[in-house]
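Trainee: Position in the first sequence counted from 1, then plus 20, gives you the numbering used here.
The structure is given below, and queries will be raised subsequently.
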Amino acid sequence: MQTTSPNLEETRHSLAHIMASAIIRLWPNAKFGVGPVVDNGFYYDVDLGEIKLSEDDFEKIESEMKKIIAENEPFEQIEMGIEQAIEWAQQSEQPYKLELLNDLKREGTTNLKDLNILELGIANGETSKVEKVSFYRNGDFIDLCRGPHVASTSQVGAFKLLRISGAYWRGQTNKPQMQRIYGLAFIDGSELKKQLELIVLAKQRDHRKLGLELDLFTFSEFVGSGLPLFTPRGSVLRENLSAYSQELQRKYGYERVWTPHIAKEELYKKSGHYDKFPERFSVSSTETNEKFMMKPMNCPHHIQLFARKPWSYRELPVRYMENTTNYRDEKSGELHGLARVRSLSQDDGHVFCSEKHIEKELKSIIKMIVTLYEVLGLEYYAHLSTRDKSGQYLGDPALWEKSEVIIRQVAQDTDLKTVEDQGEAAFYGPKIDFMIRDSLQREWQCATVQLDFVLPERFDLGYIDKDGSIKRPVMIHKALLGSIERFLAVYIEHTAGRFPVWLAPEQVRILTVNQEENTISFANDLAKQLRQADVRYTIDKSNQSVSKKIRSAELMKIPYSIVIGDKEIETKKLQPRIRSDMGNSHEAYDIDVFITAIVKESRDRLLKSSLS
RNA sequence: GCCGAAGUAGCUCAGUCGUAGAGCAUUUCCAUGGUAAGGAAAGGGUCACGGGUUCAAUUCCCGUCUUCGGCUCCA
Numbered sequence: 021m022q023t024t025s026p027n028l029e030e031t032r033h034s035l036a037h038i039m040a041s042a043i044i045r046l047w048p049n050a051k052f053g054v055g056p057v058v059d060n061g062f063y064y065d066v067d068l069g070e071i072k073l074s075e076d077d078f079e080k081i082e083s084e085m086k087k088i089i090a091e092n093e094p095f096e097q098i099e100m101g102i103e104q105a106i107e108w109a110q111q112s113e114q115p116y117k118l119e120l121l122n123d124l125k126r127e128g129t130t131n132l133k134d135l136n137i138l139e140l141g142i143a144n145g146e147t148s149k150v151e152k153v154s155f156y157r158n159g160d161f162i163d164l165c166r167g168p169h170v171a172s173t174s175q176v177g178a179f180k181l182l183r184i185s186g187a188y189w190r191g192q193t194n195k196p197q198m199q200r201i202y203g204l205a206f207i208d209g210s211e212l213k214k215q216l217e218l219i220v221l222a223k224q225r226d227h228r229k230l231g232l233e234l235d236l237f238t239f240s241e242f243v244g245s246g247l248p249l250f251t252p253r254g255s256v257l258r259e260n261l262s263a264y265s266q267e268l269q270r271k272y273g274y275e276r277v278w279t280p281h282i283a284k285e286e287l288y289k290k291s292g293h294y295d296k297f298p299e300r301f302s303v304s305s306t307e308t309n310e311k312f313m314m315k316p317m318n319c320p321h322h323i324q325l326f327a328r329k330p331w332s333y334r335e336l337p338v339r340y341m342e343n344t345t346n347y348r349d350e351k352s353g354e355l356h357g358l359a360r361v362r363s364l365s366q367d368d369g370h371v372f373c374s375e376k377h378i379e380k381e382l383k384s385i386i387k388m389i390v391t392l393y394e395v396l397g398l399e400y401y402a403h404l405s406t407r408d409k410s411g412q413y414l415g416d417p418a419l420w421e422k423s424e425v426i427i428r429q430v431a432q433d434t435d436l437k438t439v440e441d442q443g444e445a446a447f448y449g450p451k452i453d454f455m456i457r458d459s460l461q462r463e464w465q466c467a468t469v470q471l472d473f474v475l476p477e478r479f480d481l482g483y484i485d486k487d488g489s490i491k492r493p494v495m496i497h498k499a500l501l502g503s504i505e506r507f508l509a510v511y512i513e514h515t516a517g518r519f520p521v522w523l524a525p526e527q528v529r530i531l532t533v534n535q536e537e538n539t540i541s542f543a544n545d546l547a548k549q550l551r552q553a554d555v556r557y558t559i560d561k562s563n564q565s566v567s568k569k570i571r572s573a574e575l576m577k578i579p580y581s582i583v584i585g586d587k588e589i590e591t592k593k594l595q596p597r598i599r600s601d602m603g604n605s606h607e608a609y610d611i612d613v614f615i616t617a618i619v620k621e622s623r624d625r626l627l628k629s630s631l632s
């Protein structure tokens with residue numbers, strides 16, 4: 021996973037130091053936290069007491085940094101004994117560094133291993149007692165740091181301060197909050213420029229912006245935050261994706277079920293979700309004393325469906341699917357467009373099976389996910405989450421062992437690109453999460469397959485085996501799209517709103533050249549034929565220039581625009597303008613040929629136009 | 001939830017202690033138009049909401065809601 025060259029890392033890390041030097045020159049009372057190298061750059065956490073920095077201060081900091089770079093001071097490594105280092109931190113009044121050094125002295129580690137930080141005197145994960153600590157000096161500025169650095173301040177590459185935000189000291193909510201300043205840094209300016217352009221591009225593709233422009237969804241202050249409302253256009257996307265997910269599942273023997281959106285709290289207490297899941301919406305009854313919850317997940321409901329009767333081993337696996345909405349009271353600051361909402365719809369499903377079914381069921385699920393992603397033109401890879409040695413997992417260890425072997429085997433057999441994450445498994449079982457990379461190379465987790473050995477136990481589920489004994493089924497949780505809202509967020513950004521015909525809210529726009537009676541009547545007639553073929557269309561009869569109408573259709577990213585004027589009326593042929601990503605053709609087609617093509621593209625879920 | 005920033009027309013944004021403006025969009029009219037913006041006019045705002053300071057608040061202050069950038073969290 022290491023992608024940055026040491027040189028780049030040296031540049032970034034050195035720039036973090038240079039920024040810190042600049043800050044302490046500008047604000048001599050600055051206290052520093054940590055300042056690691058991150059993707060595309062670096063950051064430094066700083067505490068300036070009452071002073072709040074804003075992006076307006078960036079110019080000042082950047083110009084001070086440039087001065088330091090121009091001064092061409094060497095980066096010089098200094099070693100100190102741990103006691104001497106502590107004294108340094110006290111004298112230079114750096115309480116956060118002091119805390120880290122005291123931790124180093126006491127425990128031999130700063131417990132910051134997740135941060136990928138380099139400025140500490142020891143390597144990540146080292147636990148031996150440290151005696152010596154490494155520092156780096158550039159000019160007057162000395163910082164606790166293990167390096168490496170460029171030889172002198174003038175040797176860093178191109179940089180730009182990017183943003184500022186709050187960050188808890190050591191990532192803990194009960195610790196003071198510092199100001200985190202992010203910077204971009206690259207070896208040469210062209211790479212920096214490219215990255216800045218990518219950021220602009222990402223902003224243009226932001227699903228929240230496109231959702232507004234393409235009229236897909238909206239939020240209302242009256243309805244509440246994190247509760248998206250889908251317009252007719254947005255609903256076409258939701259419903260078509262959802263329907264495709266169900267179509268795939270039906271082919272693999274999943275049966276559709278329906279469960280209510282609230283349940284008694286006891287259900288979640290029994291499942292164990294209640295305590296582990298504080299983000300709940302409560303519902304109380306005015307008739308009785310019963311307390312209910314909006315369902316934050318569907319597994320307990322599906323379990324109750326399974327539990328309704330005794331099962332024979334002959335009837336397994338039992339596969340339920342339900343596209344339904346869950347409600348989670350996410351913390352307000354965590355909401356983000358469609359990617360993080362309080363009402364999320366899942367294409368959820370649960371399999372109840374015996375151990376010997378696990379392999380086949382996993383394979384089917386992976387097959388469905390792979391099919392779905394390929395039809396949508398998405399790149400993906402999988403995270404394989406297994407146990408570590410921490411021992412905080414529930415369920416039969418032998419079953420765990422067996423299933424982890426199966427999961428690895430299945431991943432191999434299905435040629436999945438996988439990364440194994442030890443220790444990332446849920447407490448109830450190992451899982452495979454599918455990550456989608458969007459066209460800007462950002463990664464998102466969408467589909468998931470999880471084995472579960474715990475819930476069947478908690479709800480005392482059983483089936484009658486061949487020998488008449490009662491056996492415990494294994495449960496498999498799965499979602500292909502995951503949260504449909506999250507999926508749409510990713511998909512909108514991936515496609516930049518250029519949806520294939522089968523998903524396009526409006527597939528065809530008819531534009532009239534003028535308002536004459538025969539033009540309108542021809543357009544209406546075409547519309548009627550499209551309607552009968554179940555094609556989604558609108559007619560633009562407005563008295564605007566043709567090029568303006570074309571522009572509007574283009575901005576709405578409509579796959580096909582058809583101009584209707586005397587030429588079409590005479591020849592009875594249409595010359596569709598095809599959205600540029602789908603193909604390129606200027607030919608004229610008979611009306612029925614055109615309609616047949618759209619119907620086929622829609623049915624076969626094609627990504628490109630069949631007319632080009 | 002925490003730190004910081006912001007909320008003015010459907011959208012993107014100017015602006016001011018003396019109750020508001022542009023472009024796009026909308027409507028109407030003119031132009032009969034041919035593949036990314038033809039012209040003109042009109043309508044449209046409790047300046048997020050509530051409270052305070054003031055002769056006067058959209059403007060200053062406080063609170064609430066919502067949004068944005070992060071942090072934390074994500075069964």
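Note that the Cβ used here is the ideal one computed from N, Cα and C, for glycine as well.
1) Which residues mark the beginning and the end of the alpha helix (DSSP H) in which E440 is found?
2) Beta-carbon within less than 8 Å of I598's beta-carbon, same chain only, minus the 5 sequence neighbours each way: which residues are those?
3) Use the C-beta contact count for R183: other C-beta atoms within 10 angstroms, 16 or more gives buried, fewer gives exposed.
4) From the DSSP output, read off the bridge partner residues of W464.
5) Kindly indicate which three-state DSSP category V54 falls into: helix, strand or coil?
6) Note the first and the last residue of the continuous beta strand (DSSP E) segment covering E342.
7) DSSP on V613, reduced to helix/strand/coil?
8) In angstroms, rounded to a whole number, what distance separates the CA positions of T173 and I106?
9) What is the C-beta distance between Y63 and I219, in whole angstroms, given that I count them as a contact (C-beta under 8 Å)?
10) Would you kindly check if the distance between the Cβ of I456 and the Cβ of Y413 is under 8 Å?
11) Distance, Cα to Cα, L471 vs Y347?
12) Using 10 angstroms around the beta-carbon of L249, count the other beta-carbons present and answer buried if the total reaches 16, otherwise exposed.
13) Count the other CB atoms, across all protein chains shown, that sit within 10 Å of the CB of S210; report buried if there are 16 or more and exposed otherwise.
14) In whole angstroms, what is the alpha-carbon distance linking E310 and K290?
15) Can you give me the C-alpha to C-alpha distance between T539 and M576, rounded to a whole angstrom?
16) Using 10 angstroms around the beta-carbon of K451, count the other beta-carbons present and answer buried if the total reaches 16, otherwise exposed.
17) What residues are listed by DSSP as bridge partners for P94?
18) Rounded to the nearest angstrom, what separates M85 and K214 at their Cα positions?
19) Might you give, ordered along the chain, the residues of its own chain that have their beta carbon closer than 6 Å to the beta carbon of I582, omitting 5 neighbours on each side?
20) Fully enclosed by the stretch 212-271, which alpha helix (DSSP H) runs are 4 residues long or longer?
21) Taking Cβ to Cβ, would you say H497 is nearer than 8 Å to H370?
22) Once DSSP output is grouped into helix, strand and coil, what is the label at S112?
23) Per DSSP, what kind of secondary structure is L392 in: helix, strand or coil?
24) Taking 8 Å as the threshold (C-beta atoms), are I102 and L124 in contact?
25) Whole alpha helix (DSSP H) runs in the stretch 292-332 with 4 or more residues, listed along the chain?
26) CB-CB under 7 Å to M198, same chain, minus the five flanking residues each way: which ones, in chain order?
27) Between the Cα of F326 and those of F312, M341, K315, M313, spot the shortest distance and give me the residue it belongs to.
28) Whose CA, out of A205, E286, R623, K491, lies closest to the CA of E375?
29) Whose C-beta lies closer than 6 Å to the C-beta of I512 among residues of the same chain, with five residues either side of it excluded?
30) Below 8 Å, can you find three or more Cβ-Cβ pairs linking the stretch 383-402 to the stretch 354-363?
31) Leaving out five residues on either side along the sequence, give the residues of the same chain with a beta carbon under 6 Å from the beta carbon of T308.
32) At what residues does the beta strand (DSSP E) containing F161 begin and finish?
33) Exposed or buried, which one is A50 when buried takes at least 16 other CB atoms within 10 Å?
34) Do the CB positions of H37 and Y116 come within less than 8 Å of each other?
35) Could you compute how far the alpha carbon of G55 sits from the alpha carbon of G167?
36) Who pairs with T515 in a beta bridge, going by DSSP?
Mentor: This is what the structure gives:
1) Here residue 440 is taken as the residue at index 420 of the first sequence, counted from 1. No alpha helix (DSSP H) holds E440; the beta strand (DSSP E) holding it covers 438-442.
2) For the purposes of this step, residue 598 is taken as residue 578 along the first sequence, with counting starting at 1. Within the same chain, I598 has close Cβ partners P579, Y580, N604, S605, S629, L631, S632.
3) Taking the first sequence and counting its residues from 1, one reaches residue 183 at position 163. R183 is exposed by the Cβ-count criterion.
4) Position 444 of the first sequence holds residue 464. According to DSSP, which records beta bridges pairwise, W464 is partnered with I456.
5) In the first sequence, residue 54 corresponds to position 34, counting from 1. Of the three classes helix, strand and coil, the one that applies to V54 here is coil, per DSSP.
6) In the first sequence, counting from the first residue as 1, residue 342 sits at position 322. It spans 338-347 - the beta strand (DSSP E) in which E342 sits, taken as one unbroken run.
7) By one-based count along the first sequence, residue 613 stands at place 593. Looking at V613 - three-state DSSP - the assignment turns out to be helix.
8) Stepping through the first sequence from its first residue, residue 173 is reached at position 153. Stepping through the first sequence from its first residue, residue 106 is reached at position 86. Going from the Cα of T173 to the Cα of I106 covers about 26 Å.
9) Along the first sequence, read from residue 1 onward, the residue named residue 63 stands at position 43. Along the first sequence, read from residue 1 onward, the residue named residue 219 stands at position 199. Going by Cβ atoms, the distance from Y63 to I219 rounds to 16 Å, so no, they are not a contact pair.
10) Stepping through the first sequence from its first residue, residue 413 is reached at position 393. Stepping through the first sequence from its first residue, residue 456 is reached at position 436. Not in contact: Y413 and I456 (Cβ atoms no closer than 8 Å).
11) Within the first sequence, the letter at position 451 stands for residue 471. Within the first sequence, the letter at position 327 stands for residue 347. Taking the straight line joining both Cα atoms gives about 23 Å.
12) By 1-based counting over the first sequence, the position of residue 249 is 229. Burial call: exposed.
13) As a working note, residue 210 is residue 190 in the first sequence. Result: exposed.
14) Against the first sequence, residue 310 aligns to sequence position 290. Against the first sequence, residue 290 aligns to sequence position 270. Looking at the two C-alpha atoms, the distance is approximately 16 Å.
15) Translated into positions along the first sequence, residue 539 becomes position 519. Translated into positions along the first sequence, residue 576 becomes position 556. Going by the C-alpha atoms only, they are around 24 Å apart.
16) Translated into positions along the first sequence, residue 451 becomes position 431. The Cβ neighbour count for K451, taken over all protein chains shown within 10 Å, is at least 16; the residue is labelled buried.
17) Against the first sequence, residue 94 aligns to sequence position 74. Answer is S172, bridged to P94.
18) As a first step, residue 85 is located in the first sequence; it is residue number 65 there, counting from the start. As a first step, residue 214 is located in the first sequence; it is residue number 194 there, counting from the start. Going from the Cα of M85 to the Cα of K214 covers about 22 Å.
19) Here residue 582 refers to the residue found at position 562 of the first sequence. Correct list, in chain order: I530, L594, P596.
20) Correct list: 227-233, 252-271.
21) As a working note, residue 497 is residue 477 in the first sequence. As a working note, residue 370 is residue 350 in the first sequence. Taking 8 Å as the cut-off, the Cβ atoms of H497 and H370 count as close.
22) Against the first sequence, residue 112 aligns to sequence position 92. Coil.
23) The sequence position of residue 392 within the first sequence is 372, counting from 1. Looking at L392 - three-state DSSP - the assignment turns out to be helix.
24) On the first sequence, residue 124 is found 104 positions in, with the first residue counted as 1. On the first sequence, residue 102 is found 82 positions in, with the first residue counted as 1. Cβ atoms of L124 and I102: closer than 8 Å.
25) 293-296, 319-326
26) Residue mapping note: residue 198 aligns to position 178 of the first sequence, counting from 1. Here the set comprises G53, D65, V66, D67, A187, W189.
27) Position 306 of the first sequence, counted from the first residue, corresponds to residue 326. Among F312, M341, K315, M313, the Cα nearest to that of F326 belongs to M341.
28) Against the first sequence, residue 375 aligns to sequence position 355. For the residues A205, E286, R623, K491, the minimum Cα distance to E375 belongs to K491.
29) The count along the first sequence starts at 1 and reaches residue 512 at position 492. Closer than 6 Å at Cβ, skipping near neighbours: H227, L230.
30) no
31) Stepping through the first sequence from its first residue, residue 308 is reached at position 288. Within the same chain, T308 has no close Cβ partners at all.
32) What you label residue 161 is simply residue 141 of the first sequence in a count that begins at 1. Residues 161-164.
33) Locating residue 50 in the first sequence gives position 30, where the first residue counts as 1. A50 is buried by the Cβ-count criterion.
34) Residue numbering aside, residue 37 sits at position 17 when the first sequence is read from its first letter. Residue numbering aside, residue 116 sits at position 96 when the first sequence is read from its first letter. It is not a contact, given that the beta carbons lie outside the stated cut-off.
35) As a working mapping, residue 55 is identified with position 35 in the first sequence. As a working mapping, residue 167 is identified with position 147 in the first sequence. The straight-line gap separating the alpha-carbon atoms of G55 and G167 is approximately 12 Å.
36) The residue labelled residue 515 in the question sits at position 495 within the first sequence. Paired residue(s): none; T515 is not in a bridge.
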